[in-house]
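Here is the structure we will look at.
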Amino acid sequence: MVAIISNLLSNLLPLSWRDPPRINVIAAPGLITLLDVALYRANEGGITGTACATSVALRAFLELKAQASILLHDILISAGKEDDCWDEEENEGDRKSGANGTREDAESFARLCLECTAEAIERLTTDKLAQSANPPPSDSGGSGSSGSGTSGGSSGVAGGSSPLTSPSPTKKLVGVVGLSSPPGVMEDDAGGLDAVREGVLESARRSAADREGLHRKDCWESPRLYCPDYVWADDAISACQRLVRLMAKHRFASAVGEAAQAGALAGVADASEAEKWGVGGWSRYLSPNCVHVAEKMWGLVRDDLPSRLHQLRAAVEADAVVSKRLYLVKCEYRAPFRAFLEAHDAVRRAPRVEMVDEYLELYRIDDSEGLKKRREEAELRIKNVKEDPGLVEALNLEQSCEMMEVGMATMLLPFADLARLIDSRKVRLKEIPHVLSKADIVSIQELLRRLKTILCRNKSSPGISTGIRPLLLDLQGVPRDKTLESSEILPFGKYSRKTSPEEAVELRLGKLLEQLRCLCNICKAKGSLGFDKKDSDVTASLLKGCSSLDEEMFRAQYLDWYYMVKRQREIVSGPEFQTLSETMRRAEIEVGIAVASRSGLEVARQRLDLWEKDRTKRFDVLKEMVQEVCLREMNLQMELSPPDKDVVLELPYTSALGLFGLQLQMAGELLPIG
């Protein structure tokens, strides 16, 4: 009877319950992605409400971002049209009197919405657990990274400062052709020539790195959201509600809201009829298309987004039992995984045990000649790397590029100071006969907006200054924001694909010099900028600096810089160059071992054994935890195996787009690394 019942149950139960599938996986970056996806699939029914509500809220933010992009583009383009539908002088008078709803307010509101929606989209589609788990770039396991932290243990081998603590020369070679820098608005604080010299290289590279995000060798987990949990949802909702309140409090949003409440709808075409409602007739400052878009944006900020976030909060609270448990389960396997990867990274960076044993054997047989020979061979390898023709040429090009950038930054510094002064005085450019045509106002305004953010310091971080490279990248046609590339105003023009990159660069450079010359003429025109008398000394000094621009020198320096950077990128991207850093690192380690005493090597050997035992023990803990969680939560049998000791940890490419990856792709957004 027992056998019959057992046979019946085995036939009725699905195969997945009788024989859980077995998966063989290496404990390396990408494991967390697999576990998160499997955990979500196993509990998808319990958090469907949270996922659907988040998708609806994300769609509302994406719509607001698209409308803000359209509004900003139309406002900037409309400034150069001959058939403006608003009275520019009336707009200027209302702006100076402090009236709400002017064109400047609309432009500011559009930029604020773009910034807030970008942050909200990031909060809704990324996992804070993964972001906090990734090591900083200085501690990453890349082949070119220098050791700090755990790798400092090998410094005792050398009996002094370890070669591992000094960066390899190849690490400083970061080409910029094809990279983009963020348009992050910096505080207006010109740092003079100090900002030129200190911010010309490092800050620009830091910005480019921030724009592109982490490299794969710096990632242990993908920041994409694969499995939602309660902590993620609570943080995302709080941040999004704060951003919505910030947008709703803007001057322009207040003007539109007052107009809607008073009955002056966007469809009112007569300014006098709108004014009788007591709202100043804000719609007369914008074109009909801008008015329509602004009305849609206000509806999203006032009604749609708060209601969507309220629905999301209700859905999260309804799924709280499941989502809170998912957070605990995700933490269960994340902690041992990070601990194991840290131990693996320490073992990988450390000297090889075989090498230490070889030197201990030479000490045991008292072979001083052998020690001397091994040390000379290691020093010769370092010398060969330093004298590598590609490395020498790349370093020389780097030094020459820095000199060119300092020279160009010195010439552009007066224009950057002028742009900051114009921005601080809220000056609006107008048509000036024979100096500034109405069609050129848009490009000049965009140039001023980009000039004011270069060669200045950030007050919140005094040690960080923005250099000249963002503008140099603009001359290559690199968009500041790839998601807004279609609506972005390029001050130096757009060129078809038939135009070669070199020809396009020269055309943009000519356009820049023409615009800088136009700025000089604008400053010379009496009363064109409307500065106060107290600014006369400042404007005279800036005018003198702007007038001293040597256009031929600037053109020559930029073209030389451009072709030198292209050559440097060709060298650095070569296959032979990629191995130089690791070759030098290994040779420096061997030199440190060769000069160490016998007692120092014995201590180092013991330390290496401890690191290896620690790595093995942490892997056993990770394996046990992963197997338990997989059987308990996902009905999977997962067999983990450790990676090779010399494997560089690098996040692999995966086909998993994340919970909202497809939605982001359809909206034209960039996906986080994964």
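Counting from 1, one number per residue, gives the positions in the sequence shown under the UniProt record's numbering.
The C-beta atom is built at its ideal place from N, Cα and C for all residues, glycine as well.
Heavy atom of the ligand NAP within 7 Å of residue i beta-carbon
i: E551; result: For the structure depicted, the ligand NAP is absent and the ligand set is empty, with no information on it obtainable.
Anticipated Cβ contact below 8 Å, residue i with residue j, distance rounded
i: L312; j: A53; result: 4 Å
i: D319; j: T50; result: 5 Å
i: A416; j: I454; result: 5 Å
i: M584; j: V385; result: 5 Å
i: M408; j: I468; result: 6 Å
i: R598; j: Y363; result: 4 Å
i: R251; j: D105; result: 5 Å
i: K590; j: A378; result: Before going on, a small fix: residue 590 reads as Glu here, not Lys. Indeed they touch by this definition, with Cβ atoms about 4 Å apart.
i: V595; j: R375; result: 7 Å
Sequence-distant residues of the same chain with beta carbon closer than 6 Å to residue i, five excluded per side
i: S166; result: In this prediction, S166 scores a pLDDT of 34, lower than 50, which makes its location untrustworthy; no coordinate-derived value is stated.
i: M666; result: none
i: C630; result: L636 and M638
i: R123; result: A236 and A239
i: R618; result: A339, F340 and A343
i: M411; result: L549 and F554
i: T150; result: Confidence is the limiting factor: at T150 the pLDDT is only 36, short of 50, which leaves the residue's position unreliable, though a coordinate-based value still follows. Around T150: A346.
i: D614; result: A343
i: D94; result: Confidence at D94 is low in this model, with a pLDDT of 46, below 50, so its placement is unreliable and no value can be given for it.
i: N24; result: E639
i: A419; result: L448, L451 and K452
i: E381; result: The displayed chain sequence assigns Arg, not Glu, to residue 381. Cβ within range, chain order: A587.
i: E202; result: Low per-residue confidence applies at E202: pLDDT is 36, beneath 50, and the placement is therefore not dependable enough to give any value.
Residues near residue i by beta carbon distance below 7 Å, same chain, minus five either side
i: K645; result: V347 and R348
i: A394; result: L173, Q568, I571 and V572
i: L516; result: F415 and L549
i: A233; result: T50, V316 and S323
i: L429; result: L436, I441, I444 and Q445
i: L397; result: M564, R567 and Q568
i: G175; result: Annotation note: pLDDT 36 at G175 (below 50); position unreliable, coordinate value reported separately. Closer than 7 Å at Cβ, skipping near neighbours: V565, Q568, R569 and V572.
i: Y562; result: V505
Residues of its chain near residue i, where Cβ-Cβ distance is below 8 Å and the 5 sequence neighbours each way are ignored
i: A540; result: none
i: A42; result: E633, M634 and N635
i: A57; result: L124, C240, L305, R308, L309, Q311 and L312
i: Y558; result: M404, M408, L472, L475 and L509
i: Y333; result: I32, L35, L622, M625, V626 and V629
i: L671; result: R224, L657, G658, G661, L664 and Q665
i: C523; result: L418, L529, T539, L542, L543 and C546
i: P20; result: L631, N635, L636 and Q637
Residue i - partner residues in DSSP beta bridges
i: T126; result: R224
i: L636; result: Note: L636 sits in no beta bridge, so no partner.
i: S641; result: I26
i: I468; result: In DSSP, I468 forms no bridge with anything.
i: I432; result: L436
Member of the options whose CA lies at the smallest distance from the CA of residue i
i: C401; options: M564, E63, L64 and L246; result: M564
i: D256; options: C290, Y230, L243 and L225; result: The amino acid at residue 256 is misidentified as Asp; the sequence shows Val. Among C290, Y230, L243 and L225, the Cα nearest to that of V256 belongs to C290.
i: L476; options: F340, L519, S500 and G467; result: Per the sequence shown, the amino acid found at residue 476 is Gln instead of Leu. Considering only alpha carbons, the answer is S500.
i: C113; options: L31, T33, A253 and R224; result: A253
i: V647; options: I23, R22 and A27; result: A27
i: C509; options: L543, C546, A556 and G467; result: The question names Cys, yet the displayed sequence has Leu at residue 509. Checking every option, the nearest Cα to that of L509 belongs to A556.
i: V37; options: W220, K249 and R224; result: R224
i: A259; options: A294, C227 and I121; result: A294
i: S655; options: C116, S108 and Y226; result: Y226
i: A118; options: D74, L72 and L64; result: L64
i: residue 677; options: G668, E612 and G30; result: Residue 677 lies beyond the stretch modelled for the chain, which goes from 1 to 674, so this question has no answer here.
i: L507; options: C520, V427, G493 and P351; result: G493
i: V231; options: W611, A120, L326 and A248; result: L326
i: I422; options: L649, P652 and L519; result: L519
i: G370; options: L380, R381 and E358; result: E358
i: K128; options: L39, A110 and P228; result: P228
i: G45; options: F660, I522, R375 and V321; result: V321
i: L71; options: F109, K373 and R607; result: F109
i: W298; options: A130, R245 and P336; result: R245
i: P288; options: I75, V427, K372 and A525; result: I75
Within-8 Å CB hit, residue i to chain C
i: K452; result: In the structure shown, chain C cannot be found, because there is only a single protein chain.
Q.
List, from N- to C-terminal side, the beta strand (DSSP E) runs of 3 residues or more that fit wholly inside the stretch 370-396.
A. none
Q: Could I get the ranges of all uninterrupted alpha helix (DSSP H) runs contained in the stretch 582-660, with 4 residues as the minimum, in chain order?
A: 598-629
Q | Entirely enclosed beta strand (DSSP E) segments - the stretch 335-366, minimum 3 residues | A | none
(Q) Ignoring anything shorter than 3 residues, give me the beta strand (DSSP E) runs that lie fully in the stretch 36-81, in order along the chain. (A) none
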